[in-house]
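In this note's numbering, the protein residues as written are 1077 to 1505.
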């Protein structure tokens, strides 16, 4: 039994990558249970010790030294205790060796085998749990095992888990064998092993993707101060720097957009807006709504005591301010934890354009507000009609807009590029 046991332990430790001490402890407890079941009493305190080379099994009975026996399973008289430990005193615990009975062999081995199997499974589950528990909040590469409509079966380093639809980015589709990135949100230990809760739809997933791309973020020099996200649609990330010499927006975007493009490749069609963070809620709101130009901002308390804000914009700025299906204004409001009401306004401009930068280029020609986009060359008439229906009918409204920003309000990126190119050409002539 001993030689077979030694071989079994070595094999299990090698195959399951288990700690040998954990395996031996499980076996010792299993043999103790087997002994109490067939040869002793369940009330006995049995201790089993395997030799250093696992070729010898010793069984001991744990007893308390007492002046008078009250419990025959747990007590031992002082005179008897001194046989096993000469310095024993009343109140001490001594270990009394038990002679191995020949009949114990096969019966105990079978019982031990069953319990050993159970204990080893528990040990393996515990090791896996600890392995992943220490990685909560980490971005992990996973493999798709099976993709269904409601949930996708995922394998992470030998552990199977489920990426539920509500934790997926809306609209994304997976195929068997595909490698994807997921955020390990939480790890729970169950009777079947560690339960891994993963997501791609949380704010933290976006932050983790950026952290993977940005060394300055991993070093704590730049960080995400606020984030508002509608997974699969749009995300606004307000970033800040601990070092005054580092531009946080530039650090997140990267040279020629290299860093933000790597993140965008992972989230598909989801729009990512990286903006400068401000402690001042008004400044943060104005920056978050860019490129829309905000004329005035008023904070107020709603009927239910909640903090709200009104933003006043020109008619021609309204569509860009609100964004496609209200996404732009809704996410900007989420950044400052307030509901935002958009009010059309024709009064004086009172607010600073937080997205504006010093213009070192030569002045462009002034364009009358009456010049409409019908004058643009090379733009599809259907695109002009779409923009006009959205309240964007004047060329002046497109000054300074980037194609990516224009594409956010209901036309394709290629169409937006054509519009921006036509506007630029018009302004140069």
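All C-beta atoms, glycine included, are put in the ideal place defined by N, C-alpha and C.
On a predicted model such as this, the values are computed, not experimentally measured, just so you know.
{"Check": "So, for residue 1496: in the same chain, excluding its five sequence neighbours on each side, which residues have a beta-carbon less than 6 Å away from its beta-carbon?", "Outcome": "1479"}
{"Check": "Among 1167, 1389, 1150, 1171, which residue has its Cα nearest to the Cα of residue 1159?", "Outcome": "1171"}
{"Check": "Bridge partners for residue 1111 per DSSP, in chain order?", "Outcome": "Residue 1111 is not bridged to any residue."}
{"Check": "Could you give the DSSP three-state label for residue 1383: helix, strand or coil?", "Outcome": "strand"}
{"Check": "Nearest-angstrom Cα distance between residue 1201 and residue 1118?", "Outcome": "27 Å"}
{"Check": "Quick one: what does DSSP say residue 1262 is sitting in, helix, strand or coil?", "Outcome": "strand"}
{"Check": "Run the CB neighbour count on residue 1441, radius 10 Å, all protein chains shown included, and call it buried at 16 or more, exposed below.", "Outcome": "Because the pLDDT of residue 1441 is 46, which lies under 50, any placement of that residue in the model is unreliable, and the number read from its coordinates should be weighed accordingly. Looking at its Cβ environment, which holds fewer than 16 other Cβ atoms inside 10 Å, residue 1441 is exposed."}
{"Check": "How about residue 1351 and residue 1312: do their beta carbons lie closer than 8 Å?", "Outcome": "yes"}
{"Check": "How would you label residue 1527, buried or exposed, when you count the other beta carbons within 10 angstroms and need 16 or more for buried?", "Outcome": "No answer is possible for residue 1527: it lies beyond the span of the chain, which begins at 1077 and ends at 1505."}
{"Check": "Would residue 1361 pass as a contact of residue 1412 if the rule is Cβ separation under 8 Å?", "Outcome": "yes"}
{"Check": "With DSSP collapsed to three states, give me the class of residue 1221.", "Outcome": "strand"}
{"Check": "Look at the alpha carbon of residue 1456 and the alpha carbon of residue 1492, and state the distance between them as a whole number of angstroms.", "Outcome": "11 Å"}
{"Check": "Using C-beta distances below 6 Å, list every residue in its chain close to residue 1354, excluding the 5 sequence neighbours before and after it, in chain order.", "Outcome": "1360"}
{"Check": "Spell out the partners DSSP gives residue 1354 in its beta bridges.", "Outcome": "In the DSSP output, where bridge partners are listed per residue, residue 1354 has none listed."}
{"Check": "Given a threshold of 16 other Cβ atoms within 10 Å of its Cβ, counted over all protein chains shown, does residue 1375 qualify as buried or as exposed?", "Outcome": "exposed"}
{"Check": "Does the distance between the C-beta of residue 1217 and the nearest non-hydrogen atom of the ligand SAH fall short of 7 Å?", "Outcome": "The model on display carries no ligand, and the ligand SAH is accordingly not part of it."}
{"Check": "For the region 1275 to 1285 against the region 1200 to 1217, are there 3 or more C-beta pairs whose distance is under 8 Å?", "Outcome": "yes"}
{"Check": "Could you give the distance in angstroms between the alpha-carbon of residue 1397 and the alpha-carbon of residue 1471?", "Outcome": "17 Å"}
{"Check": "Note the first and the last residue of the continuous alpha helix (DSSP H) segment covering residue 1156.", "Outcome": "1154 to 1160"}
{"Check": "With DSSP as the reference, label residue 1144 as helix, strand or coil.", "Outcome": "coil"}
{"Check": "If you reduce the DSSP assignment to three classes, tell me which class residue 1252 lands in.", "Outcome": "coil"}
{"Check": "Count the other CB atoms within 10 Å of the CB of residue 1290; is the residue buried (16 or more) or exposed (fewer)?", "Outcome": "buried"}
{"Check": "Can you pull the DSSP bridge partners for residue 1029?", "Outcome": "Examination of residue 1029 is not possible in this model, given that the chain is present from 1077 through 1505 alone."}
{"Check": "Taking 6 Å as the limit between beta carbons, can you name the residues of its chain near residue 1458, skipping five residues before and five after?", "Outcome": "none"}
{"Check": "Kindly list the residues whose CB is nearer than 6 Å to the CB of residue 1100, restricted to its own chain and excluding five residues on each side of it in sequence; keep chain order.", "Outcome": "1126"}
{"Check": "Using three-state DSSP, classify residue 1462 as helix, strand or coil.", "Outcome": "helix"}
{"Check": "Assign residue 1195 to one of two classes, buried (16 or more other C-beta atoms within 10 Å of its C-beta) or exposed (fewer than that).", "Outcome": "buried"}
{"Check": "Just grab the DSSP bridge partners of residue 1296 for me.", "Outcome": "Its beta-bridge partners do not exist; DSSP assigns none."}
{"Check": "Looking at the secondary structure, which residues open and close the alpha helix (DSSP H) in which residue 1326 lies?", "Outcome": "1324 to 1329"}
{"Check": "Where do the ends of the beta strand (DSSP E) carrying residue 1271 lie?", "Outcome": "1269 to 1275"}
{"Check": "With a threshold of 8 Å on Cβ separation, who are the neighbours of residue 1367 within its own chain once the five nearest residues in sequence on each side are excluded?", "Outcome": "1396, 1431, 1476, 1477, 1478, 1481"}
{"Check": "Quick one: what does DSSP say residue 1489 is sitting in, helix, strand or coil?", "Outcome": "helix"}
{"Check": "In terms of residue numbering, what span does the alpha helix (DSSP H) encompassing residue 1397 cover?", "Outcome": "1394 to 1398"}
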